[in-house]
RNA sequence: GCGCCUCUAGCUCAAUGGCAGAGUACCGGACUUUUAAUCCGAGGGAUCUGGGUUCGACCCCCAGGGGGCGCACCA
């Protein structure tokens, strides 16, 4: 890495004399135009990287007849050998393609280049005998990796069987002033991969594939929900009270109102208000924000799917989400088995249903149906040496959660349903009719990752108010991850809410599992990072960011 | 926040405490079927920063910065 200031001293490539007579003169920009015979276009060049404006006027559009993948398929299907196609001289162009030059192999009187666009790659060729030799020379010497070009040409198959577009005209669309990533190794430095994601996408096909899968997966989920009568809605990200999850929020400030707001940690209570308004099935795919630590399975802003269905309970959601996950995996990967860190996760097999308190008892010997208050649970946890330093944990729910995460969750590898969490864990969930100390709730846990959380919703305004007041008491006692009271939400519930069940699915984690990505940062285009060191800071030279 | 690892040419990586190198990219040249083309030649370095030890530091020590992993926190 180097600072901007020094770059121009290193790079001689642009100090070369311009290749065309008019290319170097600002008042006479070398617009790429057809040469006299109308067959090939010349190569405009920059001759000085300090010149901010390119000294040619690249065309603003280039009509293509198809993507590289499309033209490649046509060529594969109908292409004939070059001797045959060009037996009576070079044939007229049949296709027009455009893309970034990834490889440029010059071999004297002919050259082969590889273009890349959003659909893939395709080889193009230039023959000196099929164009003005001077223009051929300019193209052969002037095009560099990273440049964008448009090629009009004819299809043929090379002797080695490679479908190729033989160029009759080449148009330089825009040039690259910076070098491309190593053409074999790509970008390896993770810092560069995250900060300059465009280079990662260009040079690392597996990264590109991951984001393709992400997009397809989200599109599939929308389609799946739309087909089942769900309506996509949007609810506020700026909220007066952060609610719907146990997490610390980011706060921000509205100037005109002179009032602080929180970035939402969950859309839950707003989506329930929408259901109260008569839209029986709604969903939202959007960003949630949580002010927490950074690791491979947590992001500060993450994408969550939440849906709510009136007249469903949590068992309806168990069936629905399993169907969705299996269908989505099949759609984007063609399989119901994914590899995670060398472990094959089989979503196609039955998902066992694991009772939360039973699992905790089997893992620790602590029976949560007997140990029901904070101090007793603390003592049990300390006695067994499961965790120390519990002094600042003030709520029973938080302790239970900690216990589970330490002892049970890591052992849940294959997809499973974890059900009937203790009632203290979620103040918005409905209690079980037979055992009010647990919730009608489940999570889907895979590889120790919670990818789904869902429950039958509490729609009784009286009980809801009581349980949120308990959260407020816990907050006053020092638990900073409780939910806040929302009078407006309670009021909506007092107007009446149908029985319903909601579900949340962590899109980032699902994508990471589907693509075998070891960290969530690999499935987010621009993950939050520390501030890049500034190029203007005295003494700095490493990792200088590209500010332009 | 704590611990461990890491940072060398644009990129990917070498270099017992003794003249900082290769591949690739870029620049010049050769080449009529290449596939990371090949071959010949040239240029390119505050070895992340600052301090220290030493006759001598990419290398050892201290401090700082970026990144990764683990722990903690959390979905």
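Numbering (this note's numbering), first residue to last: 54 to 601.
Glycine included, every Cβ here is placed at the ideal spot set by N, Cα and C.
Please read all numbers here as calculations on a predicted model, not as lab measurements.
Check: Nearest residue (CA-CA) to residue 266, options 562, 580 and 581; Outcome: 562
Check: Span of the alpha helix (DSSP H) around residue 453; Outcome: 449–460
Check: Stretch pair the stretch 397–406 + the stretch 456–470: three plus CB contacts closer than 8 Å; Outcome: yes
Check: Three-state secondary structure assigned by DSSP to residue 341; Outcome: strand
Check: Counterpart residues of residue 409 in DSSP-defined beta bridges; Outcome: Residue 409 pairs with nothing; no bridge assigned.
Check: Inter-stretch contact (C-beta, 8 Å, three-pair minimum) for the stretch 187–202 and the stretch 223–240; Outcome: yes
Check: Own chain residues within Cβ distance below 7 Å of residue 378, not counting five before or after; Outcome: 400
Check: Terminal residues of the beta strand (DSSP E) in which residue 135 lies; Outcome: Not the beta strand (DSSP E): residue 135 falls in the alpha helix (DSSP H), residues 135–138.
Check: Cα-Cα separation, residue 476 to residue 356; Outcome: 26 Å
Check: Residue 277 - containing beta strand (DSSP E), residue span; Outcome: Premise fails: residue 277 lies in the alpha helix (DSSP H), 258–280, not in any beta strand (DSSP E).
Check: Any 3 or more C-beta pairs closer than 8 Å across the stretch 201–209 and the stretch 237–253; Outcome: no
Check: Residue 166 Cβ short of 7 Å to the ligand PLP heavy atom set; Outcome: By its list of ligands, the structure shown contains no ligand whatsoever, and the ligand PLP lies outside what it can speak to.
Check: Cβ shell of residue 573 (< 8 Å), same chain only, five flanking positions each side left out; Outcome: 349, 350, 351, 352, 355, 561, 562, 565 and 580
Check: According to DSSP, residues forming a beta bridge with residue 178; Outcome: 165 and 219
Check: C-alpha distance - residue 68 paired with residue 214, whole-angstrom precision; Outcome: Confidence is the limiting factor: at residue 68 the pLDDT is only 27, short of 50, which leaves the residue's position unreliable and the question unanswerable from this model.
Check: Stretch pair the stretch 327–344 + the stretch 298–307: three plus CB contacts closer than 8 Å; Outcome: yes
Check: Strand pairing of residue 507, partner residues [DSSP]; Outcome: 495 and 556
Check: Residue environment, residue 237, which counts as buried when at least 16 other CB atoms sit within 10 Å; Outcome: exposed
Check: Residues that residue 307 bridges to, as DSSP identifies them; Outcome: 312
Check: Closest residue to residue 559 among 507, 315 and 389 (Cα-Cα distance); Outcome: 507
Check: Cα-Cα separation, residue 142 to residue 128; Outcome: 19 Å
Check: Exposed unless 16 or more other CB atoms sit within 10 angstroms - verdict on residue 548; Outcome: exposed
Check: Three-state secondary structure (DSSP) of residue 202; Outcome: strand
Check: Cβ-based burial, residue 309 [other Cβ within 10 Å; buried from 16]; Outcome: exposed
Check: Status (buried if at least 16 other CB within 10 Å, exposed otherwise) for residue 98; Outcome: Any answer about residue 98 is weak, because its pLDDT of 48 lies below 50 and its placement is not dependable; what the coordinates show is given next. Buried.
Check: Separation of residue 229 from residue 111, as counted between CA atoms; Outcome: 12 Å
Check: Own chain residues within Cβ distance below 7 Å of residue 250, not counting five before or after; Outcome: 578 and 579
Check: Contact the stretch 325–337 vs the stretch 360–368: 3+ CB pairs below 8 Å; Outcome: yes
Check: Which residues DSSP lists as bridging residue 334, in chain order; Outcome: 362
Check: Status (buried if at least 16 other CB within 10 Å, exposed otherwise) for residue 582; Outcome: exposed
Check: Extent of the continuous beta strand (DSSP E) run through residue 50; Outcome: Nothing can be reported for residue 50: it is not among the residues displayed for the chain, which extend from 54 to 601.
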